[in-house]
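Take a look at the structure set out below.
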Ligand code: GLV
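Laid out in structure tokens, this is it:
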């Protein structure tokens, strides 16, 4: 039997590529950045599997270029970069990496909350820039408490729940909004209260975004909704940039509708060098890092590789977004290993 061929659009943490290479011929894009579109289309041609990242657009054009593809496995929990319906139509299995990055992402959400409320990035710059001239100032660089405040979790999926768990340790009141309300028992167990979006925005000291990017969530945090937030509140986003209208957020910060923000994701990444959000001291910025612990990224790499191997062995992958695909093409029809 021929060894399956795989294109990996980036080098990824161990043991991802090692696992794949044991059973498949793997072509790996070697540069630090993503492949250009033409390069992606050229290299995916004739491959059985694609290991991609959220920076690669997987659409009808790509799938038409590579009719041999059996599986697309994304090293991410978000899959808004993949046209899942087009994959399903063509019998292409789509894998992703939920669960293994939940805790790391929730940790980072708290890092941004603490950093923005307690001005950690600003304080670091203050010391490095030689501005720390008075030993201890009773009124120097005061921030806001995190403990005991109200956190509003927008999107109560895996990551939203992990954030709620941490909030309990900080003795916070925890309210959430989600298109699907949890049962009263589940709410009680998690220690959270459901709130309509408007109420959540009006009552939270920290509004943290954990919904996926989709038609329904694009621009969800817009001018009108930012105006509903408290003047002392912070907006935290570790989900997707598309959920927040950045022009409206810049206006909110400029005009003092909210106290600050902690942002890991943006409409356009990398963030353009002249972006208005770069000009605010009360905004903590990160380069899409929330899942970026060594442990989480390694687990994601392993899961992404195993999702490919499972499909090529004719087995269901551990995490896939389109179980309907089996109706278009059975697992026995894609089995190569
Ligand atoms: C990161 O943003 C992911 O979707 O895994």
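Numbering (the numbering used here), first residue to last: 31 to 367. Note that the Cβ used here is the ideal one computed from N, Cα and C, for glycine as well. Computed from a prediction, not measured in an experiment: that's the story for all the values here.
Measuring straight from C-alpha to C-alpha, what distance separates residue 56 and residue 73?
11 angstroms
Rounded separation between residue 102 and residue 123 - CA only
6 angstroms
DSSP state of residue 328, grouped into three classes?
helix
Look at the Cβ atom of residue 237, then the Cβ atom of residue 265, and state whether they are nearer than 7 angstroms.
yes
Please give me, in chain order, every unbroken run of the alpha helix (DSSP H) with length at least 4 that falls completely inside the stretch 41-79.
46-53, 67-74
Regarding residue 241 and the ligand GLV, is the C-beta to nearest heavy atom distance less than 6 angstroms?
no
Spatial neighbours of residue 296 in its chain, beta-carbon cut-off 6 angstroms, leaving aside the 5 residues before and after:
271
Below 8 angstroms CB to CB, which residues in the same chain sit around residue 160 once its five sequence neighbours on both sides are set aside?
none
Backbone secondary structure at residue 122 - three-state DSSP:
coil
What does DSSP give as the partner residue(s) for residue 239 in the beta ladder?
184, 267
How is the alpha helix (DSSP H) around residue 348 delimited, first residue to last?
First-last for residue 348: undefined, no H or E at that position.
Taking the Cβ atom as the reference point for each residue, do residue 366 and residue 34 lie within a distance shorter than 7 angstroms?
yes
Does the structure place the stretch 288-295 close enough to the stretch 134-142 that three or more beta carbon pairs sit under 8 angstroms?
yes
Compare the C-alpha of residue 126 against each of 301, 54, 83 and name the closest.
83
Who pairs with residue 103 in a beta bridge, going by DSSP?
81, 125
Could you check whether the Cβ of residue 309 sits closer than 6 angstroms to any heavy atom belonging to the ligand GLV?
no
Going by the beta-carbon positions, is the gap between residue 121 and residue 346 smaller than 7 angstroms?
no
Between the beta-carbon of residue 189 and the beta-carbon of residue 115, is there less than 7 angstroms?
no
For residue 340, tell me which candidate among 287, 37, 42, 49 has the shortest Cα-Cα distance.
49
Under 6 angstroms from any heavy atom of the ligand GLV, does the C-beta of residue 129 make it?
no
What's the call for residue 179, buried or exposed, on a 16-neighbour Cβ count within 10 Å?
buried
Once you ignore the five residues that flank residue 198 on each side, which residues in its own chain have a CB closer than 8 angstroms to its CB?
204, 221
Within the chosen definition, does the stretch 180-187 reach the stretch 225-241 through at least 3 CB pairs nearer than 8 angstroms?
yes
The ligand GLV heavy atom lying under 6 angstroms from the CB of residue 107
yes
What residues match up with residue 224 in a beta bridge as DSSP calls it?
206
Report the rounded CA-to-CA distance for residue 61 versus residue 43, giving the unit in angstroms.
14 angstroms
What distance in whole Å lies between the Cβ atoms of residue 193 and residue 147, which are believed to be in contact at a cut-off of 8 angstroms?
With a Cβ gap of about 15 angstroms, residue 147 and residue 193 do not count as contacting.
Which of the three DSSP states is assigned to residue 290 in this structure?
strand
Do residue 330 and residue 105 count as a contact pair if the criterion is CB distance below 7 angstroms?
yes
Does the Cβ of residue 321 lie closer than 6 angstroms to at least one heavy atom of the ligand GLV?
yes
My output table needs one value for residue 96: the three-state DSSP class, helix, strand or coil.
coil
Buried versus exposed, by CB contacts within 10 Å (16 or more), residue 300:
exposed
Do you know how far the Cα of residue 284 is from the Cα of residue 311?
11 angstroms
Around the C-beta of residue 65, are 16 or more other C-beta atoms found within 10 angstroms, so that it is buried, or is it exposed?
buried
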